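>
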Amino acid sequence: ISIRCQGITSIDSNIKRLVKLEKLDLSVNKLESLPPEIGRLVNLKTLDLNINNLETLPSEIGDLVNLQKLYLNNNNLETLPSEIGKLTNLQDLHLIDNNLETLPSEIGELKRLRNLHLSNNNLKILLPKIGGLVNLRELYLSGNNIEALPSEIGDLVNLRNLHLNNNKLKSFPVVIGKLTNLQELHLNGNKLKSLPSEIRTLKNLEILYLNDNEFEPLSTEIGELENLKMLHFRDNKLKSLPAKIGKLKNLETIYLNNNELESLPSEIGELRNLRYLDLRNNKLKVLPDTIRKLFSSLHLLYLTGNSISEIGERGRTLGKKELKEVFGGRAVFDMNAPHGTQ
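Just so you know, UniProt numbering puts 221 at position 221 of the sequence shown, and the rest follows in order with no gaps.
1. Between the beta-carbon of L298 and the beta-carbon of L274, is there less than 8 Å?
2. Just to confirm the assignment, what range does the beta strand (DSSP E) spanning Q141 have?
3. Spell out a yes or no on whether the segment 98 to 107 and the segment 146 to 166 are touching, meaning 3 or more CB-CB pairs, one atom from each, closer than 8 Å.
4. I'd like to check one pair, G62 with I84: are the Cβ atoms closer than 8 Å?
5. Among S33, R292, L77, L87, whose alpha-carbon lies nearest the alpha-carbon of V42?
6. Does the Cβ-Cβ distance between K16 and T46 come in under 8 Å?
7. Tell me, which residues are paired with V174 by DSSP?
8. Is the beta carbon of S266 less than 8 Å from the beta carbon of S240?
9. Of all the options G189, L218, N188, which has the alpha carbon lying nearest to the alpha carbon of R200?
10. Determine the closest residue to K178 out of L205, N167, K193, with distance taken between C-alpha atoms.
11. What span of residues does the beta strand (DSSP E) with T253 cover, start to end?
12. Would you mind stating whether L228 and N250 have Cβ atoms separated by less than 8 Å?
13. Mind reading off the beta-carbon distance from residue 368 to L192? Whole number of angstroms is fine, and I expect it under 8 Å.
14. If I follow the unbroken beta strand (DSSP E) through D289, where does it start and stop?
15. Just to confirm, are G269 and K247 a CB contact at a threshold of 8 Å?
16. According to DSSP, is D235 part of a helix, a strand, or is it coil?
17. Give the straight-line distance between the Cα atoms of N306 and R280, rounded to the nearest whole angstrom.
18. Take E198 and list the residues in its own chain whose beta-carbon comes closer than 7 Å to its own, dropping the five residues that flank it on each side.
19. Whole angstroms is fine: what's the gap from L225's alpha carbon to L231's?
20. Measure the C-alpha to C-alpha separation of V65 and K124 and round it to an integer number of angstroms.
21. Using DSSP with H/G/I as helix, E/B as strand and the rest coil, what is K193?
22. Hey, how far is the Cα of N120 from the Cα of L141?
23. Taking N53 as part of the beta strand (DSSP E), name the residues at either end of that continuous run.
24. Please return the same chain residues whose Cβ sits closer than 8 Å to the Cβ of R114, not counting the five positions on each side in sequence.
25. For N76, does the count of other Cβ atoms within 10 angstroms reach 16, so buried, or fall short, so exposed?
26. I311 to L133, Cα distance in whole Å?
27. CB-CB under 6 Å to N166, same chain, minus the five flanking residues each way: which ones, in chain order?
28. Keeping to the same chain, check which residues put their C-beta closer than 6 Å to that of N73; ignore five residues upstream and five downstream.
29. Confirm, please, whether the CB-CB distance from L162 to L185 is below 8 Å.
30. Whole-angstrom Cβ separation of L256 and R234, contact assumed at under 8 Å?
31. Comparing alpha-carbon positions, which option in K237, P35, D48, R40 lies nearest T56?
32. Hey, how far is the Cα of V286 from the Cα of E260?
33. Of all the options V28, T220, L187, which has the alpha carbon lying nearest to the alpha carbon of Y209?
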């Protein structure tokens, strides 16, 4: 049954008669509460309550023992009832854009949960019980106030995507090394200065977002992420790149704009699959001669806001014409007058 976009403000208690109902869509209404009788819908598999005005959930929500998908995005929830832990068949739980400050420890009982979306709440901590979600594939926690992660996050060994953008993280636990199935790690907008060396074990990682943090060095272990395709590292305090970056043979995209880079390692030329390289607004004066090796793959090279005038150790003068020669005559760069070019 779909009763979405009807402007309804309440649900009649007679809803208890719909005992065979498997899917109920009540999204985009003005519901402020649910009747206890909602718990009588024991065959319900999908319940969509997105975009309402719910402030609480009745404890009877825990009686929906066959529920697999529960959508509660864009409500006004401040807490969840402990009975949520009874939903042992739940696979998807979406709570984006609420006012949650904490989670009940019983959430760790949701052993079948695969996707947990908690972005844009007021969470400050994650309880250790989060480690009980052993089948979790996606964990979205962006836009909260989280300052630290429990070591139990390392128990989420099936995790594929971890989103922690725009929190208050100052460090990352070494147990990240246990998340060997991780494919995407999003850490933009935190206060991180480094990552633990254990990151080198994330051999399946393909996408890494570290924009807008406080990194000064980039860990040499980054070179061990052999399947990395996208590296986003803009708006940090990076002054150099480790030579081991040349080991990232599958890398296609690097954002390094708005850092303090003074040079590039010659190993940058080993990134033969690189398509997009953004170096805007750094302190580069010279490009390594090996950068010419990238001409067969590179589609876009951004250099604006540097003082580049030479390429290679022999000090070849570098203007727009020379750049085109280096890259096989292809117009692949943003050349809005980098300082010092002709």
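Using N, Cα and C, we set each Cβ at its ideal position, and we do this for glycine too.
Since this is a predicted model, take the numbers as computed values, not measurements.
Considering the structure as presented:
1. Reading the sequence shown from its first residue, position 298 is the one you call residue 298. Reading the sequence shown from its first residue, position 274 is the one you call residue 274. Going by C-beta atoms, L298 is nearer than 8 Å to L274.
2. As a working mapping, residue 141 is identified with position 141 in the sequence shown. The question names Gln, but residue 141 is Leu in the sequence shown. No beta strand (DSSP E) holds L141; DSSP gives it neither H nor E.
3. Cβ pair count under 8 Å is below three, so no.
4. Residue 84 sits at position 84 when you count from the first residue of the sequence shown. Residue 62 sits at position 62 when you count from the first residue of the sequence shown. Taking 8 Å as the Cβ cut-off, I84 and G62 qualify as a contacting pair.
5. Walking along the sequence shown from the start, residue 42 turns up at place 42. The residue with the shortest Cα to Cα distance from V42 is L87.
6. Within the sequence shown, residue 16 is the residue found at index 16, counting from 1. Within the sequence shown, residue 46 is the residue found at index 46, counting from 1. Not closer than 8 Å, so no.
7. Locating residue 174 in the sequence shown gives position 174, counting from the first residue. DSSP, once it has assigned bridges, lists no residue as partnering V174.
8. By 1-based counting over the sequence shown, the position of residue 266 is 266. By 1-based counting over the sequence shown, the position of residue 240 is 240. No. Outside cutoff.
9. Start at 1 with the first residue of the sequence shown, and residue 200 comes out as number 200. The option with the nearest alpha carbon to R200 is L218.
10. For the purposes of this step, residue 178 is taken as the residue at position 178 of the sequence shown. For the set L205, N167, K193, the Cα lying nearest the Cα of K178 is the one of L205.
11. Counting from 1 along the sequence shown, the entry for residue 253 is found at position 253. Its beta strand (DSSP E) spans residues 253 to 255.
12. As a position in the sequence shown, residue 228 is number 228, starting the count at 1. As a position in the sequence shown, residue 250 is number 250, starting the count at 1. Against a cut-off of 8 Å, the Cβ pair of N250 and L228 comes out as a contact.
13. This structure cannot speak to residue 368, because the chain is shown only from 1 to 342.
14. Position 289 of the sequence shown, counted from the first residue, corresponds to residue 289. Segment: none, D289 is in no beta strand (DSSP E) and carries neither H nor E.
15. Taking the first residue of the sequence shown as position 1, residue 269 is located at position 269. Taking the first residue of the sequence shown as position 1, residue 247 is located at position 247. Not closer than 8 Å, so no.
16. Here residue 235 refers to the residue found at position 235 of the sequence shown. In this structure, D235 counts as coil in the three-state DSSP scheme.
17. On the sequence shown, position 306 is the one that residue 306 refers to. On the sequence shown, position 280 is the one that residue 280 refers to. C-alpha separation (whole angstroms): 7 Å.
18. Position 198 of the sequence shown holds residue 198. Around E198: V174, I176, G177.
19. Position 225 of the sequence shown, counting from 1, holds the residue named residue 225. Position 231 of the sequence shown, counting from 1, holds the residue named residue 231. Our two residues, L225 and L231, have alpha carbons roughly 11 Å apart in a direct line.
20. For this step, residue 65 is matched to residue 65 along the sequence shown. For this step, residue 124 is matched to residue 124 along the sequence shown. Between the alpha carbons of V65 and K124 lies a distance of about 29 Å.
21. Here residue 193 refers to the residue found at position 193 of the sequence shown. In the structure shown, K193 adopts coil according to DSSP, grouped into three states.
22. Taking the sequence shown and counting its residues from 1, the one referred to as residue 120 is at position 120. Taking the sequence shown and counting its residues from 1, the one referred to as residue 141 is at position 141. Taking the straight line joining both Cα atoms gives about 7 Å.
23. As a position in the sequence shown, residue 53 is number 53, starting the count at 1. Counting along the chain, N53 falls outside any beta strand (DSSP E), and DSSP gives it neither H nor E.
24. Start at 1 with the first residue of the sequence shown, and residue 114 comes out as number 114. Apart from the 5 residues on each side of it in sequence, R114 sits with its Cβ closer than 8 Å to the Cβ of Q91, D92, N135, L136, R137, E138 in its chain, given in chain order.
25. Position 76 of the sequence shown, counted from the start, is the residue given in the question as residue 76. With fewer than 16 other Cβ atoms within 10 Å, it is exposed.
26. If you number the sequence shown from 1, residue 311 lands on position 311. If you number the sequence shown from 1, residue 133 lands on position 133. Distance between the alpha carbons of I311 and L133 is about 52 Å.
27. For the purposes of this step, residue 166 is identified with residue 166 of the sequence shown, where counting begins at 1. Same-chain partners within the cutoff: S142, G143, G189.
28. The residue you call residue 73 lines up with position 73 of the sequence shown. N50, H94, I96, D97, listed in sequence order.
29. Numbered from 1 along the sequence shown, position 185 holds the residue referred to as residue 185. Numbered from 1 along the sequence shown, position 162 holds the residue referred to as residue 162. Yes; because the gap between Cβ atoms is below 8 Å, this pair is in contact.
30. As a first step, residue 256 must be located in the sequence shown, where it is residue number 256. As a first step, residue 234 must be located in the sequence shown, where it is residue number 234. That belief holds up - the Cβ atoms of L256 and R234 are roughly 7 Å apart, short of 8 Å.
31. Translated into positions along the sequence shown, residue 56 becomes position 56. It is P35 whose Cα lies nearest to the Cα of T56.
32. For the purposes of this step, residue 286 is taken as the residue at position 286 of the sequence shown. For the purposes of this step, residue 260 is taken as the residue at position 260 of the sequence shown. In a straight line, the C-alpha of V286 is about 14 Å away from that of E260.
33. Taking the sequence shown and counting its residues from 1, the one referred to as residue 209 is at position 209. The shortest C-alpha separation from Y209 is found at L187.
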